[in-house]
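One structure below.
Dropping the structure here:
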């Protein structure tokens with residue numbers, strides 16, 4: 404209760420600060436000088452109609468590179484965090500099997516269950532094991548350990564076995580190509596209209612998510628995705644260095660011809676960088692999703 | 045329908061309200077997943093606030109096309125810098141949330157509970 408009052412006071416104080424900020428805020432009626440500079444220069448210098456993409460990939464390109472590095476680090480650290488968890492779970496499973504193994508009556512159904520890998524069979528076997536355990540009237544601790552082993556095995560086994568429904572499977576077949584196409588469209592259209600590497604990459608990863616939902620047993624080729632992602636990152640830095648050598652500075656996309664404003668092949672290297680970003684973000688998010696699946 | 049308030053002010057109020065709800069949720073709940081959700085709500089609220097500060101009266105998206113000519117852009121486009129920053133902020137927010145969720149899974153594996161009261165080792 405005391406804590407709630409303290410939190411309420413804190414939230415109230417924050418609310419006061421925010422109210423002050425809202426009260427003192429006057430809606431802009433003209434661009435700030437830096438923004439005006441970007442809005443007037445981006446179409447002329449970079450040839451990109453989408454000024455936000457110009458800022459993200461060129462003017463603030465170094466920030467975007469750092470952001471991609473953060474994303475890479477997250478994919479790596481999530482893998483590290485959940486990998487050990489995997490090992491521990493398997494150890495726990497082995498020990499629970501061992502506990503069950505002490506009672507020979509219970510051991511057989513448990514082992515059979517891991518092989519058969521069917522939820523309905525598992526439930527029947529569990530009931531049988533329970534009944535047989537009760538029949539020989541074991542000591543209270545043994546009974547408990549069998550039950551613990553059962554519940555943990557049930558938790559491990561039951562979840563991944565449930566098949567997706569017909570609607571999900573058929574819907575995935577229809578929607579998946581559309582989602583990937585739309586993701587690719589958003590990625591390569593980033594310099595012309597709303598879109599870009601991050602948004603398109605997220606759409607592609609959502610398609611991967613749907614695919615994994617509809618086929619729970621599917622193995623994603625994480626190694627290949629990691630290689631694709633690493634090469635996208637390397638090419639991104641290489642393009643940056645090319646800009647440094649051939650044009651005005653690091654990540655300057657003007658070493659390729661700017662072309663006409665609004666054409667698909669225009670804006671120098673911005674579409675290439677955008678595509679690399681999209682590939683990298685899509686692969687990274689897919690790897691993160693796959694890591695959480697275990 | 046028009047209200048007396050400008051659009052950006054409404055957006056600021058909405059964003060700040062979400063941020064307050066997030067702070068309240070993060071500090072009062074004891075379940076780690078709820079704390080993470082509170083963080084995500086606060087994050088979203090602050091993104092809204094950032095986007096709102098870039099709005100210019102009667103402005104439109106800073107994308108040049110048939111509706112917004114190059115000569116028109118400096119007068120009618122909204123400030124693109126907050127929008128570009130929010131793209132970065134969203135990705136960083138996603139990264140932080142992903143790491144927090146991974147830690148939550150680890151903590152659950154360690155204690156078989158998600159209540160933050162069970163983790164007393166680092167309490168002072």
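Protein chains in written order, with this note's numbering: chain Y, 404 to 697; chain U, 45 to 168. Heads up, the beta-carbon is just placed ideally off N, CA and C, and yes, glycines get one too.
Asked	Found
Residues near residue 81 (chain U) in its chain [Cβ-Cβ closer than 8 Å; skip 5 each side]	69
Closer than 8 Å to chain Y by CB, residue 87 (chain U)	no
Expected contact under 8 Å - CB spacing of residue 141 (chain U) and residue 84 (chain U) to nearest Å	6 Å
Residue 455 (chain Y) CB to nearest heavy atom of the ligand GTP below 7 Å	Looking at this structure, you won't find the ligand GTP or any other ligand, since it has none at all.
Every unbroken alpha helix (DSSP H) inside the region 81-144 of chain U [4 residues or more]	117-120
Chain U residues whose Cβ lies nearer than 7 Å to that of residue 466 (chain Y)	132
From Y:458, Y:471, Y:689, residue whose alpha carbon lies closest to that of residue 606 (chain Y)	Y:689
Proximity of residue 57 (chain U) and residue 471 (chain Y) at Cβ, strictly below 8 Å	no
Selected residue, minimal CA-CA separation from residue 683 (chain Y), among Y:571, Y:440, Y:634, Y:453	Y:634
Within chain Y, the residues that residue 78 (chain U) reaches when beta carbons sit closer than 7 Å	Ordered by position in chain Y, no residue passes the 7 Å Cβ test against residue 78 (chain U), which lies about 14 Å from the chain.
Cβ separation of residue 127 (chain U) and residue 95 (chain U), assumed to be a contact under 8 Å, to the nearest whole Å	6 Å
Reference residue 455 (chain Y); option with closest CA among Y:638, Y:601, Y:431	Y:601
The region 431-444 of chain Y / the region 99-114 of chain U touching (three or more Cβ pairs under 8 Å)	yes
Interface residues of chain U facing residue 436 (chain Y) [CB-CB closer than 8 Å]	The premise fails here: residue 436 (chain Y) is roughly 11 Å from chain U at the closest Cβ pair, so nothing lies under 8 Å.
Residue interval of the alpha helix (DSSP H) (run including residue 588 (chain Y))	569-591
Residue 617 (chain Y) in three-state terms, based on DSSP	helix
Boundaries of the alpha helix (DSSP H) in which residue 444 (chain Y) is found, first to last residue	436-444
Within-8 Å CB hit, residue 686 (chain Y) to chain U	no
Any C-beta of chain Y under 8 Å from that of residue 136 (chain U)	yes
Residue burial classification, residue 249 (chain U) (beta-carbon count within 10 angstroms, cutoff 16)	Chain U is shown only over 45 to 168; residue 249 (chain U) falls outside these bounds and no answer can be derived.
Contact under 8 Å by Cβ, residue 673 (chain Y) with residue 460 (chain Y)	yes
Same chain, Cβ closer than 7 Å to residue 90 (chain U), five either side skipped, listed in chain order	59, 63
Residue-level contact to chain U via CB, residue 480 (chain Y), 8 Å cutoff	yes
CB contact below 8 Å: residue 60 (chain U) versus chain Y	yes
Residue 453 (chain Y) versus Y:685, Y:659, Y:594, residue with shortest Cα-Cα distance	Y:594
is_contact[residue 408 (chain Y), chain A] using C-beta, thresh 8 Å	The structure shown contains no chain A; the protein chains it does contain are Y and U.
For residue 453 (chain Y): DSSP bridge partner residues	U:107
Chain-order list of residues whose beta-carbon lies under 8 Å from that of residue 158 (chain U) (same chain, five-residue window excluded)	75, 76, 77, 148, 151, 152
Cβ neighbours of residue 579 (chain Y) in the same chain (closer than 7 Å, five flanking residues each side left out)	610, 613, 614
Endpoints, the alpha helix (DSSP H) within which residue 52 (chain U) is located	51-72
Min CB distance residue 643 (chain Y) to chain U below 8 Å	no
For residue 585 (chain Y) and residue 643 (chain Y), the rounded distance between their alpha carbons	27 Å
Contacting positions in the region 584-603 of chain Y - beta carbon closer than 7 Å to chain U	596, 597, 601
Sequence-distant residues of the same chain with beta carbon closer than 7 Å to residue 451 (chain Y), five excluded per side	445, 457, 594, 670, 673
Where residue 467 (chain Y) falls, given that 16 or more other Cβ within 10 Å makes a residue buried	buried
Rounded straight-line distance, which links the Cα of residue 574 (chain Y) to that of residue 581 (chain Y)	11 Å
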